[in-house]
Amino acid sequence: MLNVLNHRLKLFKTFCLWLLVSFVLVGYKTESAYGLRKFRHGRLVHGFLGEPSKIPTLQREEEVKDLWFPQQLDHFNNKQDDTWQQRYFVNTEYYRNDSTAPIFLMIGGEGEASKKWMKEGAWIHYAEHFGALCFQVEHRYYGKSHPTSDLSTKNLAYLTSEQALADLAAFIKAMRKEYNLASTQKWIAFGGSYPGSLAAWLREKYPDLIYGSISSSGPLLAEVDFKEYFEVVKASLASYNPDCVEAVSRAFEQVEILLKHMIGQRNIDEKFRTCTPIKDSIENPFDLSNFFENLASNFAGVVQYNKDNSPHANITIDEICDVMLNTTIGPPVTRLGIVNSMNLDNSKEKCLDYKYDKMISDMKETSWTAECAGGSRQWTYQTCNEFGFYQTSTNKSDTFGNRFGADFFIHQCMDIYSDRMDAEYLDQVVANTNTFYGALKPETTNVLYVHGSIDPWHALGLINSKNPKTPTIYIEGTAHCANMYEPIHTDPPQLVEARNKIIKFLAKLLQSYISL
């Protein structure tokens, strides 16, 4: 009798589980629009940097106003005199207003500029320390700074780092006049991630306007096949526990096995909450590449922002590795599905949308009101036209497999923008970028390059320099732009030390009389 009851109980539990899974799958499959990926090309939906703190706004003083500056559409064509309105913000709260007071310039990047940076973040503490006037300039084509009527490929021709630097140069010249700034007042640029690169390049290309820069987590080397990215991801996971990497590797191997038969494919749909059945994509290599790149990005996004004091750093390496190492919840592939659900829930996505054609269709939208206009279409264009930066995995026996090589990303460039953006084109534009800016051998002075060891982007940055003219800070155990966020009492000592070194560097640049 007891055996019969146990058998019936097992059947009942199985039935309940089937009902739950069926309900979940139906709930997700009936969604008509799934939205763009929240983490793509190493970029979160709101940009690389985001806001300065996950803590509710610390300073609730008067609202920061939108200000607008007339900007040239094309700085390098004398026959082209079209202009547009570029958005910027200003903070005069700590400004000393004398002939030696510095001017701090925060460079906007590949997302909408956040007004919170005008009241929070490490640079505001530096501004208070040195009595600086603070500006933030939104990058052309992002946020509300719309140089053209739409985001057509033809109009995106004016979206380049070189044009962005020229925007900043024009802005500095105009603000000198508007605020009656003395020639003795030194301008210092700040930027994190892509704007970190711009901060260094601005000093390099316009040394007469920018006296120095703090370049945080800025990649200097453009590279089509950024294979080092996932090498750092693996190393960062291993820094918590080497067994975590082994568990992830076995999970990806098990996904490949499940793909080979119908029952396994249905299992994948259940475990990974796919928006559409994976069986429909078995013969579509681009769908499968997108699927695997999604799964790998679950780890990349967590690693890139691990324990940063930023709003998007909600899941840590510790948490996902604890899941991957928990043998009580099932085999590695089941644990991988749980990590995937953690990321879906964190980004408020109902299901995993991996369909390549839908992604391309979304990315081809050119209206400023389209979802991709939040920065996805623009930043992807910049990678196709200047930088590459494609985070690849091409070794079948490696942790993340061989499903997404550089050709997968180059194909996206061709499908979204132009057939001419092929492999040869990418190689050429990336080579041009490295030649123009000097890659990892910059000819700059007064620039401090700051990187964190956990951050995968440090692989393309200057992390160790024997040249005293190009000083570096390499922070063990910190992630992307960690030094830029609002300081908190739980910051690790090496991060606190890095910020102190930045203050001393600024004091040396500014020859400050303030005792440190």
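Quick note, the numbering used here runs 10 ahead of the 1-based positions in the sequence shown.
Yeah, the Cβ is synthetic: ideal placement off N, Cα and C, and Gly gets one too.
Subject >> Uninterrupted beta strand (DSSP E) stretches inside the segment 446–497 (no shorter than 3 residues) >> reply: Complete beta strand (DSSP E) runs here, min 3: 457–462 and 482–485.
**OP:** Under 8 Å by Cβ, that's how I've got leucine 212 and leucine 178 pegged, so tell me the actual separation to the nearest angstrom.
**Re:** Going by Cβ atoms, the distance from leucine 212 to leucine 178 rounds to 6 Å, so yes, they are a contact pair.
Subject >> Span of the alpha helix (DSSP H) around tryptophan 378 >> reply: For tryptophan 378, there is no enclosing alpha helix (DSSP H), since its DSSP letter is neither H nor E.
Original post:
Hey, how far is the Cα of serine 307 from the Cα of glycine 340?
Top reply: Going by the C-alpha atoms only, they are around 22 Å apart.
Original post:
Do you know how far the Cα of isoleucine 134 is from the Cα of leucine 346?
Top reply: So the alpha carbons of these two residues sit roughly 40 Å apart.
**OP:** Check each candidate in Glu359, Leu219, Phe399 and Met494 and name the one with the smallest Cα separation from lysine 129.
**Re:** Closest option to lysine 129, Cα to Cα, is Met494.
**OP:** In the DSSP assignment, find the alpha helix (DSSP H) that holds serine 246 and state where it starts and stops.
**Re:** It spans 238–250 - the alpha helix (DSSP H) in which serine 246 sits, taken as one unbroken run.
Subject >> Cβ contact check for the segment 484–504 and the segment 214–230: 3 or more pairs under 8 Å >> reply: Yes, the segment 484–504 is in contact with the segment 214–230.
**OP:** Just mark proline 157 as buried or exposed, buried being the case when its beta carbon has 16 or more other beta carbons within 10 Å.
**Re:** Proline 157 is buried by the Cβ-count criterion.
Subject >> Segment limits, alpha helix (DSSP H) that includes leucine 115 >> reply: Taken as a continuous stretch (DSSP letters only), leucine 115 belongs to no alpha helix (DSSP H), being part of the beta strand (DSSP E) at 113–117.
**OP:** For phenylalanine 79, write down the residues that DSSP places opposite it in a beta bridge.
**Re:** Answer is Gln96, bridged to phenylalanine 79.
Original post:
If you drop the 5 nearest sequence neighbours on each side, which residues of the same chain put their C-beta closer than 6 Å to that of asparagine 165?
Top reply: Cβ within range, chain order: Thr158.
**OP:** Apply the 10 Å Cβ neighbour rule to glutamate 233 and answer buried if 16 or more other Cβ atoms are within range, or exposed otherwise.
**Re:** Counting the other CB atoms within 10 Å of its CB gives glutamate 233 a total of 16 or more, which places it among the buried residues.
Original post:
Apart from the five residues just before and just after isoleucine 327, which ones in its own chain have a Cβ nearer than 7 Å to its Cβ?
Top reply: Same-chain partners within the cutoff: Ser246, Leu247, Tyr250, Val312, Val313 and Asn316.
Original post:
At which residues does the alpha helix (DSSP H) containing alanine 179 begin and terminate?
Top reply: Alanine 179 -> alpha helix (DSSP H) spans 171–188.
Original post:
Does the segment 142–158 come within contact of the segment 101–111, defined as at least 3 CB pairs closer than 8 Å?
Top reply: Yes: at least three Cβ pairs fall under 8 Å.
Original post:
Where does aspartate 235 sit, in a helix, a strand or coil, going by DSSP?
Top reply: Here aspartate 235 sits in strand by DSSP.
Subject >> Inter-residue CB distance, alanine 132 and proline 502 (contact presumed, cutoff 8 Å) >> reply: Taking the Cβ atoms as the reference, alanine 132 lies roughly 14 Å from proline 502, outside the contact range of under 8 Å.
**OP:** Name the two residues that bound the continuous beta strand (DSSP E) containing glutamine 146.
**Re:** Here the beta strand (DSSP E) through glutamine 146 covers 143–147.
Subject >> Cβ distance (whole Å) where threonine 402 is taken to contact serine 162 below 8 Å >> reply: Rounded to whole angstroms, the Cβ separation of threonine 402 and serine 162 is 29 Å, and the two are not in contact under 8 Å.
Original post:
Helix, strand or coil: how does DSSP classify leucine 505 here?
Top reply: In the three-state scheme derived from DSSP, where H, G and I count as helix and E and B as strand, leucine 505 is classed as helix.
**OP:** Please name the residue or residues paired with threonine 284 in a DSSP beta bridge.
**Re:** Among the bridge pairs identified by DSSP, threonine 284 is matched with Leu362.
Subject >> Selected residue, minimal CA-CA separation from alanine 433, among Ala416, Asn444, Asp425 and Leu362 >> reply: Measuring from the Cα of alanine 433, the nearest candidate turns out to be Ala416.
Original post:
What span of residues does the beta strand (DSSP E) with isoleucine 198 cover, start to end?
Top reply: For isoleucine 198, the enclosing beta strand (DSSP E) covers residues 197–202.
Original post:
Taking the alpha-carbon positions, what's the asparagine 336 to proline 342 distance?
Top reply: Distance between the alpha carbons of asparagine 336 and proline 342 is about 9 Å.
Subject >> Strand pairing of glycine 398, partner residues [DSSP] >> reply: DSSP lists Glu233 as partners of glycine 398.
Subject >> Span of the alpha helix (DSSP H) around serine 299 >> reply: Its alpha helix (DSSP H) spans residues 295–314.
Subject >> Selection from Gly411, Ala123, Tyr400 and Trp78 that minimises the alpha carbon distance to aspartate 235 >> reply: Comparing Cα positions, the closest option is Tyr400.
Original post:
Can you tell which of Thr393, Ser155 and Ala111 has its C-alpha closest to the C-alpha of alanine 123?
Top reply: Nearest C-alpha to alanine 123 among Thr393, Ser155 and Ala111: Ser155.
**OP:** Express the C-alpha separation of asparagine 353 and phenylalanine 33 in angstroms, rounding to a whole number.
**Re:** For phenylalanine 33, the predicted structure reports a pLDDT of 35, less than 50, and the residue's modelled location is therefore unreliable. The matter cannot be settled from this model.
**OP:** Taking the CB atoms as reference points, tell me whether glycine 411 and phenylalanine 302 lie closer together than 8 Å.
**Re:** Contact: yes.
Original post:
Helix, strand or coil for glycine 222 per DSSP?
Top reply: Collapsing the DSSP output to three states places glycine 222 in a strand.
Subject >> Spatial neighbours of proline 112 in its chain, beta-carbon cut-off 7 Å, leaving aside the 5 residues before and after >> reply: Apart from the 5 residues on each side of it in sequence, proline 112 sits with its Cβ closer than 7 Å to the Cβ of Phe140, Ala142, Gln195, Lys196, Ile198 and Leu520 in its chain, given in chain order.
Original post:
Could you give the distance in angstroms between the alpha-carbon of serine 203 and the alpha-carbon of histidine 271?
Top reply: Those two C-alpha atoms are separated by around 42 Å.
Subject >> C-beta contact flag for proline 321 and glutamate 61 at 8 Å >> reply: Proline 321 is a Cβ neighbour of glutamate 61, given a cutoff of 8 Å.
Subject >> Meets three-Cβ-pair contact criterion under 8 Å: the segment 419–437 and the segment 252–265 >> reply: No, because fewer than three Cβ pairs between the segment 419–437 and the segment 252–265 fall closer than 8 Å, the two stretches do not touch.
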